[in-house]
DNA sequence: TACGGACTTGATAACGTTAACTGATAATTC
DNA sequence: GAATTATCAGTTAACGTTATCAAGTCCGTA
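Residue numbers (this note's numbering), protein chains in the order written: chain A, 513 to 865; chain B, 513 to 865.
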């Protein structure tokens, strides 16, 4: 039943170290030494070998190197979605740090699916990456992640926590940031402050909800929370319904970028005026927020710093795992602060940019 | 003088195919056959081997595979900047297509620097990527790119053209899109339509300038072009100067995303009203354009389709290069259309979303 | 005049995988 | 019943690189 596939031939594939050695009239080991440095090679031979390398346009085969060295000079990065500017910025930062270490970054998007995430981790494991940065889709660690852990591949969870494996963590003050924002709305005199969001199972959203609840409770107000509002249409439907109630809400807190934009679209479609008809603060700032119809007050997350810190932590762990003796399992956890950027949509009318 | 570095030891690195073979009591070749499929293996043996694989948590070492097969199951993608939503969307699309082929994507950012771009290409070459997608910083092909070409690694230029090497090309109708936009402004009655942009050496910008010039010439108007306006401050300075002239410009065409945003910031700072004081169209649409103070009319580029087409073309070339006979060098060039999205900033007042 | 070092090169054996053979049975065909 | 043909499993030889060992050469010193 299984048809034996036809044999595929192939040639070429650039010059190898052997070609260079022949060209320069030396042993391959000498070429290797010139390429990698750190050994005794006479200046004369070095010059000759380098000339041969240039002539042939030789590049070392990383696959072969890796096969010997056990681990690739690559790190992996798993993000839910690159089109989200927050994650794109993180990815950019990670890449820069990796570059300074001479590493490349294998970026994949999980598309918020646990299954693709799992597959992608497996593919990275097959590539023998030196370390993995991940924005986990679920708090519980995937089976594949535990396999990585067993293979002693350093792991850092980015933006969201990860349980069940020994991983570094770099996150932001989600609860605190949300609490500050809601408290600000309350300070503006709002009593009915509603909160809309996406998937409450995601760590960040969960934490922000905690912050919202805390601030509401502190003010003696009743939390009104709508989660799993995924589409723009659903957001508008919800908002229309609520705004038609007799004692309609006067303030809105949105739990992430996507929801914020959906809400803004709904607000425009409903021709509501911010902040007169509805005050609003969104979690996660974006470049165009100051240029909106009403400039949006938002909780800024330090995306660049987040990516950078996480990458640095990962390389620290990689270095540490190389030095056999020093495997001190230092507790690795960084929490970065958020910042409430006041613009007009909350009711303040100071700032313009 | 050169100090011989201390030897670094390492062990572990997960189970190998040999371990699986021993565990299952078969030859390693049998394991390989089970893993790769397509050969005769008895159901009983297959089951035994699969059980062993699961028990040990075996993942094939991609480095070793690659070493045999000459080429990694990875493609490279070079973009100027991931934080730009246009390129981020492209990257996302590329990644998805690669995933369906079982390939991973090595994404790097050139940060608009020719030098880092060159280095990154070299690193990818060392990783023996199967193909490369690139948004080239310069029209002339880098030396490294020519090396890739010599190694018969398929190449596709994305969004910008690339001369001097045999590469596929997937671009959008830059000149046509710009022409349409400017013509639209003229149709609204504007006589002094200025144009501001970034680096005119970049292919896309160059083409869009051509379109601008064509439309202006057609209308018998004098083109007024400012390039190399890189910062937000410079944009504002320029705009302030021009708007103070006696016969001040009434319409603005911006040549890319970044410039558009700078201009919007300047417009807000100067408290100009769009389109009453200044009509405006930007090249490259973005998600928040409808939600701006004045919704922005923009030339939409099909970023997703661009990335997808380019990736598909690349995999087509990869497949073709594998089948030895069929190396028909079909002219590879796709030009995707742009679309003028009418909103309020040009003077139209129909659409809201 | 050996002798121990600091240099400088080379030969060889892995690393983990798969392509290409080599043998075996069993099933099918004429 | 002999000759194919399909099915199944094992052996061997690479792929390109680097670690390790071995073997020089050239010094200065005991």
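Virtual Cβ for every residue (Gly too), placed ideally from N, Cα, C.
Can you grab the Cα-Cα spacing for the pair residue i / residue j, in whole Å?
{"i": "residue 681/A", "j": "residue 850/B", "result": "43 Å"}
{"i": "residue 734/A", "j": "residue 686/A", "result": "21 Å"}
{"i": "residue 777/A", "j": "residue 784/A", "result": "10 Å"}
{"i": "residue 810/B", "j": "residue 856/B", "result": "10 Å"}
{"i": "residue 625/B", "j": "residue 742/B", "result": "15 Å"}
{"i": "residue 754/B", "j": "residue 772/B", "result": "17 Å"}
{"i": "residue 658/A", "j": "residue 825/B", "result": "37 Å"}
{"i": "residue 623/B", "j": "residue 593/B", "result": "6 Å"}
{"i": "residue 650/B", "j": "residue 668/B", "result": "14 Å"}
{"i": "residue 714/A", "j": "residue 729/A", "result": "23 Å"}
{"i": "residue 641/A", "j": "residue 833/B", "result": "28 Å"}
{"i": "residue 709/B", "j": "residue 596/B", "result": "16 Å"}
{"i": "residue 601/A", "j": "residue 661/B", "result": "32 Å"}
{"i": "residue 695/B", "j": "residue 718/B", "result": "18 Å"}
{"i": "residue 614/B", "j": "residue 655/A", "result": "21 Å"}
{"i": "residue 791/B", "j": "residue 812/B", "result": "18 Å"}
Strictly under 9 Å for the Cβ-Cβ distance: is residue i near chain A by that measure?
{"i": "residue 813/B", "result": "no"}
{"i": "residue 802/B", "result": "yes"}
{"i": "residue 768/B", "result": "no"}
{"i": "residue 792/B", "result": "no"}
{"i": "residue 681/B", "result": "no"}
{"i": "residue 827/B", "result": "no"}
{"i": "residue 748/B", "result": "no"}
{"i": "residue 639/B", "result": "yes"}
{"i": "residue 537/B", "result": "no"}
{"i": "residue 601/B", "result": "yes"}
{"i": "residue 634/B", "result": "yes"}
{"i": "residue 586/B", "result": "yes"}
{"i": "residue 856/B", "result": "no"}
{"i": "residue 560/B", "result": "no"}
{"i": "residue 780/B", "result": "yes"}
Is it true that the CB of residue j sits closer than 9 Å to the CB of residue i?
{"i": "residue 674/B", "j": "residue 587/B", "result": "no"}
{"i": "residue 724/B", "j": "residue 746/B", "result": "no"}
{"i": "residue 663/A", "j": "residue 572/B", "result": "no"}
{"i": "residue 576/B", "j": "residue 575/A", "result": "yes"}
{"i": "residue 887/A", "j": "residue 679/A", "result": "The displayed coordinates of chain A run from 513 to 865. Any statement about residue 887/A would go beyond what the structure contains."}
{"i": "residue 800/B", "j": "residue 568/A", "result": "no"}
{"i": "residue 547/A", "j": "residue 565/A", "result": "yes"}
{"i": "residue 818/A", "j": "residue 684/A", "result": "yes"}
{"i": "residue 780/A", "j": "residue 787/B", "result": "no"}
{"i": "residue 775/B", "j": "residue 751/B", "result": "yes"}
{"i": "residue 814/A", "j": "residue 852/A", "result": "no"}
{"i": "residue 881/A", "j": "residue 761/A", "result": "With chain A covering 513 to 865 only, the question about residue 881/A has no answer from this structure."}
{"i": "residue 844/B", "j": "residue 829/B", "result": "yes"}
{"i": "residue 579/A", "j": "residue 670/B", "result": "no"}
{"i": "residue 722/A", "j": "residue 763/A", "result": "no"}
Quick check: is the beta carbon of residue i nearer than 9 Å to any beta carbon in chain B?
{"i": "residue 563/A", "result": "no"}
{"i": "residue 629/A", "result": "no"}
{"i": "residue 805/A", "result": "yes"}
{"i": "residue 574/A", "result": "yes"}
{"i": "residue 798/A", "result": "yes"}
{"i": "residue 544/A", "result": "no"}
{"i": "residue 597/A", "result": "yes"}
{"i": "residue 594/A", "result": "yes"}
{"i": "residue 676/A", "result": "no"}
{"i": "residue 823/A", "result": "no"}
{"i": "residue 659/A", "result": "yes"}
{"i": "residue 708/A", "result": "no"}
{"i": "residue 616/A", "result": "yes"}
{"i": "residue 531/A", "result": "no"}
{"i": "residue 820/A", "result": "no"}
ask   = If you pair each beta-carbon of the region 794 to 802 of chain B with each one of the region 759 to 770 of chain B, do three or more pairs fall below 8 Å?
value = Enough Cβ pairs lie closer than 8 Å, so yes.
task = Decide yes or no for the touch test of the region 695 to 708 of chain B against the region 607 to 620 of chain B: beta carbon pairs closer than 8 Å, at least 3 of them.
result = No: the two stretches stay apart, fewer than three of their Cβ pairs being nearer than 8 Å.
Ranges of the beta strand (DSSP E) found wholly within the region 514 to 598 of chain B, counting only runs of at least 3 = Runs of the beta strand (DSSP E) inside the region 514 to 598 of chain B: 586 to 591.
4 or more residues per run - each alpha helix (DSSP H) lying fully within the region 708 to 757 of chain B = Runs of the alpha helix (DSSP H) inside the region 708 to 757 of chain B: 715 to 730 and 744 to 755.
Segment contact, 8 Å Cβ cut-off, at least three pairs: the region 627 to 636 of chain B with the region 596 to 611 of chain B = As far as the Cβ criterion goes, the region 627 to 636 of chain B does not touch the region 596 to 611 of chain B, which means the pair count is below three.
inquiry  = Under 8 Å, with one C-beta from each stretch per pair, do the region 555 to 565 of chain A and the region 554 to 564 of chain B reach the 3-pair mark?
reply    = Contact fails: fewer than three Cβ-Cβ distances are below 8 Å.
task = Could you name each continuous beta strand (DSSP E) segment of 3 residues or more that falls completely within the region 636 to 718 of chain A, going from the start of the chain to the end?
result = Unbroken beta strand (DSSP E) runs of no fewer than 3 residues, entirely contained in the region 636 to 718 of chain A, are found at 643 to 646, 667 to 670, 680 to 684 and 705 to 708, following chain order.
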